[in-house]
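Okay, so here's the structure we're looking at.
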Amino acid sequence: MFCVECGSEPDELFDGLCSECFKKRKLNIDIDERIEIEICPVCGSVKRKSNWIERPDMEAIMLKKIDESISVPYEVEKFSFNVEFHEEDPYNIIADISVELRSGDMVTEKYISSKIVFKKTQCTICSRIHGDYYEAILQVRPSSKELTEEQKNLIVEKVKKRIEIKKDEKRSVFLTAQEEMHGGLDFYLSDSGVTKNLAYEISRAVGGSVKSSAKLAGREDGQNIYRMTYSVRIPAYELNDFIEIDNEIFRVKKLKDSGGKVVLKVVKSGERRLMDYKRLENAEVLGGDELIQRSVIVSESKDEIKVLDPESYDTVTLLKPEDFETEGDEVPVIKVMGYLYIIEDEG
Ligand SMILES: [Zn+2]
Ligand SMILES: [Zn+2]
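Residue numbers for the sequence shown follow our numbering, so the first one is 14 and each next one is one higher.
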């Protein structure tokens with residue numbers, strides 16, 4: 014029994030070789046000459062497979078890359094390595110690697126080296142921030158006329174604040190553009206979920222209903238990409254306004270935080286009623302507090318009250334609204350479509 018390589022006569026042969034020749038010939042290792050790592054020059058994120066890692070642990074990433082770049086023949090059952098890094102410059106690093114290779118009881122050490130090259134590539138988020146990327150549009154639209162400056166300021170404030178908060182959690186949340194459109198506002202945002210939440214937040218704060226629609230924006234990795242639009246329709250009426258719908262006069266008593274409905278008071282009876290924003294889209298806005306006039310009381314009974322019409326000075330008999338009590342010798346009224354209505358409260 015002798016080694017086919019060196020001719021020595023050991024007690025045991027491995028593939029026809031003595032252990033020394035086996036270590037030299039068979040326990041080999043190879044590594045790519047050049048290992049490339051993509052790094053974003055803007056934020057320092059590093060690409061791993063198809064993902065970008067923010068605030069990466071550089072050394073861990075380099076070690077992982079080295080591990081992946083090593084190839085060993087099947088005779089090697091196990092290996093481990095140590096690396097010394099020598100920086101040529103921040104983007105070019107030499108890795109000197111000592112590797113311990115094992116096959117059964119045999120252990121040997123080999124030395125290899127590779128060059129790690131950092132390649133500058135803008136990461137997905139940075140290229141989106143610097144491009145005009147958006148995932149969804151938030152539209153805020155008035156039902157008629159224009160949004161008031163007060164409403165606009167409130168809405169812009171809410172959008173900015175929400176993005177400021179979200180940005181701390183997720184760098185991918187940002188506002189791409191904002192513009193005035195059809196008397197309302199449009200916001201282009203990078204995150205569809207944030208846009209949706211904002212739409213509901215604004216409808217709660219200002220009143221109004223939310224509608225959503227999706228538009229096919231293309232395909233990515235074999236999947237359809239949709240761009241969402243969340244549209245908030247701000248009603249034309251404001252708190253305490255008088256509105257008319259189906260020949261009935263209402264006063265708006267609550268617009269916000271009322272479960273997606275508007276709380277109204279029937280002017281004639283004083284009864285409270287809830288109505289959907291949708292149903293109220295065609296309501297006619299009669300006006301606000303400026304409609305209220307004062308009528309002199311002529312006489313009063315349990316259910317009825319006689320007053321002077323403030324315009325014609327005719328005596329008019331009106332039914333008292335629920336739980337209504339007079340104070341002094343006048344009552345607040347409004348005159349709408351030729352009829353007089355008693356107003357229970359003035360604010
Ligand atoms: Zn030998
Ligand atoms: Zn980046």
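Even for Gly, the Cβ is constructed at its ideal location relative to N, Cα and C.
{"Query": "Any idea what DSSP makes of residue 360, helix, strand or coil?", "Result": "Low confidence applies here, because residue 360 scores a pLDDT of 47, under 50, leaving its location unreliable and the question unanswered by this model."}
{"Query": "Which value, in whole angstroms, describes the spacing of the CA atoms of residue 298 and residue 248?", "Result": "10 Å"}
{"Query": "Under a Cβ-count criterion, where at least 16 other Cβ atoms within 10 Å of its own Cβ denotes burial, should residue 197 be classed as buried or exposed?", "Result": "buried"}
{"Query": "Measuring only from the beta carbon, is residue 135 closer than 7 Å to any heavy atom that is part of ligand 2?", "Result": "yes"}
{"Query": "Would you list the residues whose beta-carbon is nearer than 6 Å to any heavy atom of ligand 1, in the order they occur in the chain?", "Result": "16, 18, 19, 21, 30, 31, 33, 34"}
{"Query": "By the DSSP assignment, the alpha helix (DSSP H) with residue 88 in it spans what residues?", "Result": "Careful: residue 88 lies outside any alpha helix (DSSP H) and carries neither H nor E."}
{"Query": "Alpha helix (DSSP H) containing residue 206: first to last residue?", "Result": "205–219"}
{"Query": "How close, in whole Å, do the beta carbons of residue 223 and residue 213 come, if the pair is a contact with beta carbons under 8 Å?", "Result": "6 Å"}
{"Query": "Would you check if there are 3 or more beta carbon pairs closer than 8 Å linking the stretch 257–267 to the stretch 275–290?", "Result": "yes"}
{"Query": "Look up residue 77 in the DSSP assignment and say whether it is helix, strand or coil.", "Result": "helix"}
{"Query": "Taking only runs of the beta strand (DSSP E) that begin and end inside the stretch 103–164, which ones reach a length of at least 3 residues, in chain order?", "Result": "105–116, 119–133, 149–155"}
{"Query": "With distances taken from CA atoms, which of 61, 113, 268 is nearest residue 131?", "Result": "61"}
{"Query": "Among residues of its own chain, excluding the 5 on either side of residue 189, which ones have a beta-carbon nearer than 8 Å to its beta-carbon?", "Result": "145, 146, 147, 201, 202, 203"}
{"Query": "Where does residue 36 land, buried or exposed, given buried means 16+ other C-beta within 10 angstroms?", "Result": "buried"}
{"Query": "Please classify residue 170: does DSSP put it in a helix, a strand, or coil?", "Result": "helix"}
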